[in-house]
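Report on one structure; see the data block that follows.
Residue numbers (the working numbering): 127 to 445.
Written as structure tokens, this is what we have:
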């Protein structure tokens, strides 16, 4: 009789255990804390409108200055800690992506993609620039678009067709790596408009956004400048009636979540490629970066406007 009572009791205990497990884990098999949405903690604010087409936001932590480019206007602007906007250069060679470098030979400088055919580093003090790479295989690059610097001082960058001469000088669109010693290596072959690019917090994965497909790509990094085969990292949610709109720029936070600009807004994905939320601005975003004293301010360049919004997770500090 005692044995039967135990068996009877085991059934509700088992059912309770399943219910608790479902509550704690959820349908995707991940803990609920890992499935929570990542949403703004405040409103999306328009800082300034009236530009032509904004790109390349990059934040300098020491001074609190945000740099951002206006490609058609051929300018790089600054937004200082007091909220004042100034012109960094009015001859940017159509600079697109910009990143602030914190370590290595170019610490304290701005690495940037000039769509006129080269990647460079700007000195924030003198505003002069030094060319890092301008050609591959004795031909100029198409139009370098976006870049990220690794812990070794190397630069991964994309080279699509946007604003490039026709026929394409490189014949294909690709991702390249400029090593700290100046050596340039082509890492991919003929991607569909490779655009945004970023590294995981541990530097072991390279993310690439093709602008003409919904699938975003990830590559395992075997060594600096050496990557594995492309894998699908995530698939962007699409506007109604469309299936293959891609992304543009992106940024990574300290937990490894990715913030990818798209036709719908800034789509947020976990480090496992799972959708976590959407940050919408009045205009379609092109690129994003984190800034502010706590690196929780998400700056968004969106067509003619510069926006910002507070987020719950801090951005990843650049290399």
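Where is the CB? At the ideal position from N, CA and C, for every residue including glycine.
Where residue i falls: helix, strand or coil (DSSP)
i	result
residue 396	coil
residue 222	strand
residue 318	coil
residue 227	coil
residue 336	strand
residue 170	coil
residue 356	coil
residue 300	strand
residue 427	strand
residue 241	coil
residue 183	strand
residue 201	strand
residue 309	coil
residue 189	coil
residue 194	strand
residue 436	strand
residue 328	coil
residue 252	coil
Supposed close pair residue i, residue j - CB separation, criterion 8 Å
i	j	result
residue 192	residue 425	6 Å
residue 440	residue 376	Incorrect: roughly 16 Å between the Cβ atoms, too far for contact.
Cβ neighbour criterion (16 or more within 10 Å) applied to residue i
i	result
residue 337	buried
residue 328	exposed
residue 252	exposed
residue 201	buried
residue 225	buried
residue 355	exposed
residue 243	buried
residue 298	exposed
residue 257	exposed
residue 374	buried
residue 279	buried
Length of the line joining the Cα atoms of residue i and residue j
i	j	result
residue 309	residue 167	43 Å
residue 413	residue 366	22 Å
residue 385	residue 204	22 Å
residue 429	residue 371	17 Å
residue 208	residue 241	30 Å
residue 357	residue 335	12 Å
residue 395	residue 289	29 Å
residue 194	residue 180	7 Å
residue 403	residue 422	16 Å
residue 231	residue 215	23 Å
residue 360	residue 219	33 Å
residue 188	residue 294	39 Å
residue 399	residue 352	22 Å
residue 154	residue 401	Low per-residue confidence applies at residue 154: pLDDT is 43, beneath 50, and the placement is therefore not dependable enough to give any value.
residue 349	residue 301	16 Å
Residue i: CB within 7 Å of a non-hydrogen atom of the ligand FAD
i	result
residue 425	With respect to the ligand FAD, the structure shown offers nothing to examine, as it has no ligands at all.
Exercise. Ignoring anything shorter than 3 residues or poking outside the region 362-407, list the beta strand (DSSP E) runs there in chain order.
Key: 376-378, 384-387, 392-395, 401-405
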